[in-house]
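Undergrad: This is the structure I want to talk about, given as structure tokens.
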Amino acid sequence: MPSVVILGAGVMGASLAWHLTSRGCRDVLLLDRGASAGAGSTGRATGGFRTQYATAVNVRLSLLAREKLLRFRDEVGGECGYVQAGYLWLASSQTELDVLREARVIQHAEGLDEARAVTPDDIARINPAIIGDGIIGGAYCPSDGFIRPLGILQGYLDGALRQGATVQWGVEATGVERDATGRVVALSTRTDRIAAGAVVNAAGAWAGEFARGCGVDLPVTPLRRQVAATVPTDVLPSSMPMTIVTGDGFHLRVRDGRVLLPWPTPGVAGAPFEMPVDPAWVAAVTAKAHARVPALANVPVDLDASWTGLYEMSPDKHAILGVAPGCPNHYLINGSSGHGVMHAPALGHLLAEIILDGAATTMDTRALRPSRFAEGDWNPVSELL
Ligand SMILES: Cc1cc2nc3c(=O)[nH]c(=O)nc-3n(C[C@H](O)[C@H](O)[C@H](O)COP(=O)(O)OP(=O)(O)OC[C@H]3O[C@@H](n4cnc5c(N)ncnc54)[C@H](O)[C@@H]3O)c2cc1C
């Protein structure tokens, strides 16, 4: 009987499996209904990494993840692709500047000293490709930047397998079986019953759906995110920082010789798991990009290279980490709300501590406890960052 069965072999499940097996808990089974690694959101992430958040717990998760990314090649193996190209936030109103400043107070209190305010002149120096019309200032952190989502996933997965974990692809979990005390004793799949000492829900955007079938209250919902990719081009340098329009979330970066243009839009009404690329959205985001970055005026979007994926939203846009309420050996590592790749190194480390030691010791994870919604003790929700 595997001591821990992890449902979902995306970046969260893989990170947890690596951290458990590194700590000597080698009897770990990962299950995923995908045919191979990267079937879920991890394979669709654009690969931003930032420490500039508006709550202490998110800054701490990023700082812990950053330490681990810096050691990734030596400690885990594989290429996490962490490049400190910076994250540049552009503000067009005093309200946006105030939000960035208030967040920076929290960032500095957590030791992120290099995060700083920038003037329009600074912005022109940091990213000369941007038209500064209407921009009155912003925020910048040079140690933020980029990561390789599939490199991190594969590195953790290969490492976990080397350390004794096993993975089964093409296996869909359908529920859990509990004993009279409420403890999980087995996981059911479409064809099997797998006895388990503990079960972890690492099912990304599908985690809420799976939890419902197990009688666990997990408020995670899917949210479609679209990414327009230009044709291959060298009009912008690959060293350009991630650049974000604070007011509407439009951002851009260069990846693998194309410019990526994400911009948040609503999901598909009535079909939350559907992921079409919407041509009207592509036209709108292209116009936005051309208005802000003149160098892109003759660089069309390549519809075939553009894609969509699902964020795994929690009600307060913070991860949900720990023991499922009412079920002592059913664990949750969910709801990162679009920050999951960058936080997975930290969250896997912390959940391994919770499972093996009974509590996280590296940092306080109380703000992420699954019961906070029922207790009415949400984290502050920032609409802008
Ligand atoms: C367009 C886009 C851009 C993003 N950009 C970034 C970014 O720049 N930086 C960042 O940090 N994050 C980013 N994210 C968010 C990031 O991708 C997610 O937070 C992260 O991948 C979540 O990892 P996960 O392992 O929880 O989920 P997933 O990678 O989705 O893995 C979950 C796995 O569970 C499996 N599964 C689900 N249900 C079942 C079942 N019943 N039985 C068996 N298997 C099941 C799925 O097949 C899947 O492989 C982005 C997301 C999108 C969509």
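As numbered in our numbering, residues 138 to 522 make up the sequence shown, in order.
For every residue, glycine included, the Cβ atom is placed at its ideal position computed from N, Cα and C.
Under 7 Å: does the beta carbon of D169 sit that close to some heavy atom of ligand 2?
TA: As far as ligands go, the structure on display features ligand 1 and does not contain ligand 2.
Undergrad: How big is the Cα-Cα spacing for V337 and P517?
TA: If I take the Cα positions, the gap works out to 26 Å.
Undergrad: What are the start and end residues of the beta strand (DSSP E) that includes Y224?
TA: Looking at the DSSP string, the run of the beta strand (DSSP E) that includes Y224 is Y224 to A228.
Undergrad: Alpha carbon to alpha carbon, how far is Y293 from E216? Give it in angstroms, no decimals.
TA: Rounded to the nearest angstrom, the two C-alpha atoms are 10 Å apart.
Undergrad: Distance check for G150 and V460, CA to CA, integer angstroms please.
TA: Their Cα atoms are separated by approximately 15 Å.
Undergrad: Please state whether DSSP places W306 in a helix, a strand or coil.
TA: In this structure, W306 counts as strand in the three-state DSSP scheme.
Undergrad: What I want to know is whether the C-beta of S280 ends up closer than 7 Å to one or more non-hydrogen atoms of ligand 1.
TA: Not under cutoff, so the answer is no.
Undergrad: With burial defined as no fewer than 16 other Cβ atoms inside 10 Å of the residue's Cβ, what is the status of G274: buried or exposed?
TA: Its Cβ being crowded by 16 or more others within 10 Å, G274 is buried.
Undergrad: Run through DSSP, which three-state label would I492 get?
TA: Residue state, collapsed to three classes: helix.
Undergrad: Could you work out which residue in T498, G463 and I491 is closest to S553 when comparing CA atoms only?
TA: This structure does not reach residue 553, given that the chain is present from 138 up to 522, and the question cannot be answered.
Undergrad: Measure how close the beta-carbons of T445 and V422 come, nearest whole angstrom, since I'm counting them as under 8 Å.
TA: That belief does not hold up - the Cβ atoms of T445 and V422 are roughly 12 Å apart, past 8 Å.
Undergrad: Step through the CB atoms of chain C and report whether any lies within less than 8 Å of the CB of P265.
TA: In summary, chain C is missing from the structure at hand, where a single protein chain is found.
Undergrad: By Cβ distance, which residues of its chain are closer than 8 Å to V436, with the 5 residues on each side in sequence left out?
TA: T367, V368, T370, V372 and V396.
Undergrad: Would you kindly report the start and end of the unbroken beta strand (DSSP E) that includes I470?
TA: It spans H467 to N471 - the beta strand (DSSP E) in which I470 sits, taken as one unbroken run.
Undergrad: Could you check if R203 is buried or exposed, using at least 16 other CB atoms within 10 Å of its CB as the buried criterion?
TA: Buried.
Undergrad: Got a sec, what are the start and stop residues for the beta strand (DSSP E) P378 sits in?
TA: Segment: none, P378 is in no beta strand (DSSP E) and carries neither H nor E.
Undergrad: Does ligand 1 have a heavy atom nearer than 7 Å to the CB of E251?
TA: Answer for E251: no, Cβ out of range of ligand 1.
Undergrad: Just list the beta strand (DSSP E) runs in the stretch 273-331, keeping only unbroken ones of 3 residues or longer that don't cross its boundaries, in chain order.
TA: Listed in chain order, they are 274-278, 303-306, 310-315 and 321-326.
Undergrad: Tell me the residue span of the alpha helix (DSSP H) that contains W343.
TA: Segment: none, W343 is in no alpha helix (DSSP H) and carries neither H nor E.
Undergrad: When you compare the CB positions of P416 and N264, do they come within less than 8 Å of one another, or not?
TA: No, Cβ-Cβ distance for P416 and N264 is not below 8 Å.
Undergrad: Quick check on DSSP: helix, strand or coil for W444?
TA: It is a strand residue.
Undergrad: Would DSSP call V523 helix, strand or coil?
TA: With the chain represented from 138 up to 522, any question about residue 523 goes unanswered, as that position is not in the structure.
Undergrad: Is L225 near ligand 1 - that is, is its Cβ less than 7 Å away from at least one heavy atom of it?
TA: The answer is no for L225.
Undergrad: Relative to the C-alpha of L521, which residue among G180, T498 and T383 is closest?
TA: With distances taken between Cα atoms, L521 lies closest to T383.
Undergrad: Can you say whether S474 is buried or exposed, counting buried as having 16 or more other CB atoms within 10 angstroms of its CB?
TA: With 16 or more Cβ atoms within 10 Å of its Cβ, S474 is classed as buried.
Undergrad: Any heavy atom of ligand 1 within a distance shorter than 7 Å of the CB on S229?
TA: No - ligand 1 has no heavy atom lying nearer than 7 Å to the Cβ of S229.
Undergrad: Is there contact between the stretch 223-243 and the stretch 329-343, where contact requires at least three CB pairs shorter than 8 Å?
TA: Taking 8 Å as the limit for Cβ pairs, the verdict is that the stretch 329-343 does not touch the stretch 223-243.
Undergrad: Can you check whether the CB of L207 is closer than 8 Å to the CB of G485?
TA: Cβ distance not < 8 Å, so G485 and L207 don't count as in contact.
Undergrad: In whole angstroms, give me the CA-to-CA distance for L298 and V304.
TA: L298 and V304: Cα-Cα distance of roughly 8 Å.
Undergrad: What distance in whole Å lies between the Cβ atoms of I243 and A302, which are believed to be in contact at a cut-off of 8 Å?
TA: At roughly 36 Å, the Cβ-Cβ gap does not stay under 8 Å, so A302 and I243 are not in contact.
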